[in-house]
Amino acid sequence: MSYVMIENLHKTYGASTVLSTIDMTIEKGEFVTLLGPSGCGKSTILRIIAGLTDATSGTVNIDGIDMQNVQPKNREIGMVFQSYALFPNMTVKENVAFGLKMKKIDPREIDEKVREMLAIVHLSDKGNAYPNELSGGQQQRVALARALIVRPKVLLLDEPLSALDAQIRKKLQSDLRSIQMELGITMILVTHDQEEAMAVSDKIFVMNKGGIAQRGTPTEIYTKPESEFIANFIGHYNVFTRAELEHMVGMKLPSECAKFAIRPEAIYFEAGAKNFHMSGIAIESVMSGNVIRTVFQSGERTFSVEQLHHRGHFVEIGKAYECYVEPEDVIELT
Amino acid sequence: MKKRGLSDLFFLFLVLYLLFPILATALYAFATNWNNTILPEGLTFKWLASLFQDTSFIEAFGRSVLLSGGAVILAFIFVVPAIFIIVLYFPKYEKWMQTAVVMVYAFPGVILAVGLIRTYSQLGIPMILAVLGAYVISILPYIYQGTRNSLRNVNAKQLLDVAELLGASKLQAYLKVLLPAVYPGLFAGALLSFSVLFGEFVLINLVVGSRFETVQIYLMKKLSTSGHIASAVVFLYLVLMGILTISISILTKRSRGVAKT
Numbered sequence: 041m042s043y044v045m046i047e048n049l050h051k052t053y054g055a056s057t058v059l060s061t062i063d064m065t066i067e068k069g070e071f072v073t074l075l076g077p078s079g080c081g082k083s084t085i086l087r088i089i090a091g092l093t094d095a096t097s098g099t100v101n102i103d104g105i106d107m108q109n110v111q112p113k114n115r116e117i118g119m120v121f122q123s124y125a126l127f128p129n130m131t132v133k134e135n136v137a138f139g140l141k142m143k144k145i146d147p148r149e150i151d152e153k154v155r156e157m158l159a160i161v162h163l164s165d166k167g168n169a170y171p172n173e174l175s176g177g178q179q180q181r182v183a184l185a186r187a188l189i190v191r192p193k194v195l196l197l198d199e200p201l202s203a204l205d206a207q208i209r210k211k212l213q214s215d216l217r218s219i220q221m222e223l224g225i226t227m228i229l230v231t232h233d234q235e236e237a238m239a240v241s242d243k244i245f246v247m248n249k250g251g252i253a254q255r256g257t258p259t260e261i262y263t264k265p266e267s268e269f270i271a272n273f274i275g276h277y278n279v280f281t282r283a284e285l286e287h288m289v290g291m292k293l294p295s296e297c298a299k300f301a302i303r304p305e306a307i308y309f310e311a312g313a314k315n316f317h318m319s320g321i322a323i324e325s326v327m328s329g330n331v332i333r334t335v336f337q338s339g340e341r342t343f344s345v346e347q348l349h350h351r352g353h354f355v356e357i358g359k360a361y362e363c364y365v366e367p368e369d370v371i372e373l374t
Numbered sequence: 030m031k032k033r034g035l036s037d038l039f040f041l042f043l044v045l046y047l048l049f050p051i052l053a054t055a056l057y058a059f060a061t062n063w064n065n066t067i068l069p070e071g072l073t074f075k076w077l078a079s080l081f082q083d084t085s086f087i088e089a090f091g092r093s094v095l096l097s098g099g100a101v102i103l104a105f106i107f108v109v110p111a112i113f114i115i116v117l118y119f120p121k122y123e124k125w126m127q128t129a130v131v132m133v134y135a136f137p138g139v140i141l142a143v144g145l146i147r148t149y150s151q152l153g154i155p156m157i158l159a160v161l162g163a164y165v166i167s168i169l170p171y172i173y174q175g176t177r178n179s180l181r182n183v184n185a186k187q188l189l190d191v192a193e194l195l196g197a198s199k200l201q202a203y204l205k206v207l208l209p210a211v212y213p214g215l216f217a218g219a220l221l222s223f224s225v226l227f228g229e230f231v232l233i234n235l236v237v238g239s240r241f242e243t244v245q246i247y248l249m250k251k252l253s254t255s256g257h258i259a260s261a262v263v264f265l266y267l268v269l270m271g272i273l274t275i276s277i278s279i280l281t282k283r284s285r286g287v288a289k290t
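From first to last, the protein sequence lines are chains A and B.
Sequential numbering of the first sequence, starting at 41, is according to the numbering used here.
Sequential numbering of the second sequence, starting at 30, is according to the numbering used here.
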């Protein structure tokens, strides 16, 4: 039996359905991400797991216990929000100690645990500061420490890094993953950032319109998108109809599929024995640090190619190029 | 630079225009005699001292504090919890609250006074209680805005959720987390309401009459007997309002600090 089991979960608000037929299993100590665009219902799942929102139907089972009649305060679930939700009238130490005080733990033990937890989140010197004296990243670390100190069975993270700038976000992603591995806590992260999901997760549930569109490891999700939505959402996939692709490669495809996806980094300029061949005129090239993304025009369609940035731009805008892709990198979409 | 100089000049005129009557009144409260001279002939504390020796002033001051403070306390007992519940759990009803707030401004004092007299004089309810009730309603805009803004600034719903997830009961979440977080805003609303009610004259004068003498009614009576004493009353009133304004400003700044988190 899995540690967290969500079965046949539905949530409606009046006539609008927010979640439909959600089934999930999460193992103990796993880092799972719910990934999807805004409004797809991922935060609602977290709130239902936490007991802050009631499901219309379905069950949530954690560590063998049905959560239907369990109050939020008795669920042993921690939650970290995008807006930190720190108690503004309390110092960092008091914020972190709050959960232990509610459990009526001995004050000396609380002091010791707070010290340990602040060390884990690298905030040992900020114990007496108030939340409004800290940066966004520091506040989120406090929120994390406050949720972790009570050793929850499951920690829910509702877009905790979305409000932070890119550099701090990357650092906290890595910290989050190492803390999760160090403490062995089951974590469920909600995000709309596919890079973040790929970077930290053991397993990803991609959500769309209140349902789960695909589930799998980050590699599975990235390399084998099952639908056009996943291909478009998860990266810069080139998605073609059968007719478009057959026209571009100049041959009939063996598959009966209606749509195909090709990763932009799977298209290159060196010919191989079994390659499909496409030609196009470079119309746009964008350098984003280590990657150069070039858009080619081929007939009515465009496709993009991503290559590692070795020695500056090498594609000349307006010039025709021959591009190649291996047949196994042409992914059939359902 | 020329533009700046002109705007500074206008600002100076505005400040003088606003401050001149206040300074003149304050000075008159301390003037021995000020009839045929540009400045007072001398300064004295006797008008101010005579006020504090006048039991009817002390009683009027007490009545004003009691009436204004009582209305604010009643609003905090009955209105604030209702606003908490509406803002946190039934936000769809906020539009009705907003309508009620606008209606408070829509009724002129005279019409309200006539309405209160016609409604309550035949029911045997003491008119002072009717005025107290009307005061509670009249400060609704200040209490509502202060409470709602405080709750929104601290993201109250989320604070309550977090406190409960950390093991607090609903009552503990309110008492240990939410109230301490929003009290500066609530207190500022209370002070503002108190200062507005303390200066209220129309309702109390028309509905209850001069037998229930508040500071404003005392002031009206003194206007016809001694300009110096009337000025001393106004001076004391301004000092009290100044203290309240500074307190509100400090609390508002503290609320902003809370909002940053």
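Cβ coordinates follow ideal geometry from the N, Cα and C atoms, glycine included.
Bounding residues of the alpha helix (DSSP H) (the contiguous stretch that carries residue i)
i: residue 116 of chain B; result: 109–118
i: residue 263 of chain A; result: 258–263
i: residue 313 of chain A; result: Element bounds for residue 313 of chain A: n/a, residue is neither H nor E.
i: residue 152 of chain A; result: 147–160
i: residue 361 of chain A; result: Counting along the chain, residue 361 of chain A falls outside any alpha helix (DSSP H), though it belongs to the beta strand (DSSP E) covering 360–365.
i: residue 224 of chain B; result: 208–227
i: residue 170 of chain B; result: 169–182
i: residue 250 of chain B; result: 244–252
i: residue 190 of chain B; result: 185–194
i: residue 274 of chain A; result: 268–274
i: residue 339 of chain A; result: Note, residue 339 of chain A: premise wrong, no alpha helix (DSSP H); not H, not E.
i: residue 238 of chain A; result: 234–240
i: residue 169 of chain A; result: No alpha helix (DSSP H) holds residue 169 of chain A; DSSP gives it neither H nor E.
i: residue 240 of chain B; result: Careful: residue 240 of chain B lies outside any alpha helix (DSSP H) and carries neither H nor E.
i: residue 188 of chain A; result: 176–188
Closer than 8 Å at the beta carbon, the chain A residues around residue i
i: residue 198 of chain B; result: 113
i: residue 210 of chain B; result: 127, 128 and 129
i: residue 201 of chain B; result: 142
Any non-hydrogen atom of the ligand COA within 7 Å of residue i CB
i: residue 328 of chain A; result: For the structure depicted, the ligand COA is absent and the ligand set is empty, with no information on it obtainable.
For residue i, the first and last residue of its enclosing beta strand (DSSP E)
i: residue 325 of chain A; result: 316–328
i: residue 228 of chain A; result: 226–231
i: residue 134 of chain A; result: Premise fails: residue 134 of chain A lies in the alpha helix (DSSP H), 132–142, not in any beta strand (DSSP E).
i: residue 278 of chain A; result: 278–281
i: residue 384 of chain A; result: Outside the modelled stretch of chain A, which goes from 41 to 374, sits residue 384 of chain A, for which no answer is possible.
Whole-number beta carbon distance between residue j and residue i, since they are thought to touch under 8 Å
i: residue 331 of chain A; j: residue 349 of chain A; result: 6 Å
i: residue 244 of chain B; j: residue 142 of chain B; result: Contact flag wrong, Cβ pair sits at about 19 Å.
i: residue 277 of chain B; j: residue 204 of chain B; result: Incorrect: roughly 25 Å between the Cβ atoms, too far for contact.
i: residue 248 of chain A; j: residue 80 of chain A; result: 6 Å
i: residue 49 of chain A; j: residue 98 of chain A; result: 3 Å
i: residue 277 of chain A; j: residue 302 of chain A; result: 7 Å
i: residue 223 of chain A; j: residue 180 of chain A; result: About 17 Å; that fails the 8 Å criterion.
i: residue 369 of chain A; j: residue 298 of chain A; result: Rounded, the Cβ-Cβ distance is 18 Å, inconsistent with contact.
i: residue 136 of chain A; j: residue 194 of chain A; result: Not really, about 19 Å apart at Cβ, beyond 8 Å.
Interface residues of chain A facing residue i [CB-CB closer than 9 Å]
i: residue 206 of chain B; result: 127, 129, 130 and 138
For residue i: DSSP bridge partner residues
i: residue 297 of chain A; result: The partner list for residue 297 of chain A (beta bridge, DSSP) is empty, contrary to what the question assumes.
i: residue 348 of chain A; result: A:331
i: residue 194 of chain A; result: A:117 and A:226
i: residue 247 of chain A; result: A:252
i: residue 371 of chain A; result: A:301
i: residue 60 of chain B; result: B:72
i: residue 54 of chain B; result: Answer is none; residue 54 of chain B lacks a bridge partner.
i: residue 307 of chain A; result: A:365
i: residue 343 of chain A; result: A:336
Beta-carbon neighbours of residue i, restricted to chain B and to distances below 8 Å
i: residue 190 of chain A; result: 195 and 196
Within chain B, the residues that residue i reaches when beta carbons sit closer than 9 Å
i: residue 121 of chain A; result: 184, 187, 190 and 191
i: residue 206 of chain A; result: Those do not exist, as residue 206 of chain A stays about 22 Å from chain B at its closest Cβ, beyond 9 Å.
i: residue 160 of chain A; result: Going along chain B, no residue has its Cβ under 9 Å from residue 160 of chain A, so there is no contact; the nearest lies around 18 Å.
Partner residues on chain B for residue i, Cβ-Cβ distance less than 7 Å
i: residue 118 of chain A; result: 194
i: residue 92 of chain A; result: 190
Quiz item: Which of the residues in the segment 184–196 of chain B, read from start to end, lie with their CB under 9 Å from any CB of chain C?
Solution: Absent from the structure is chain C; the protein chains it does hold are A and B.
Practice problem: Output the residue ranges of the alpha helix (DSSP H) runs that lie fully inside the segment 44–130 of chain A and measure 4 residues or longer, sorted by chain position. | Solution: 82–90
Quiz item: Which ranges would you report for the alpha helix (DSSP H) in the segment 67–93 of chain B if only whole runs of at least 4 residues count?
Solution: 75–82
Exercise. Report the residue ranges of all beta strand (DSSP E) runs contained in full by the segment 123–168 of chain B; include only those spanning at least 3 residues, in chain order.
Key: none
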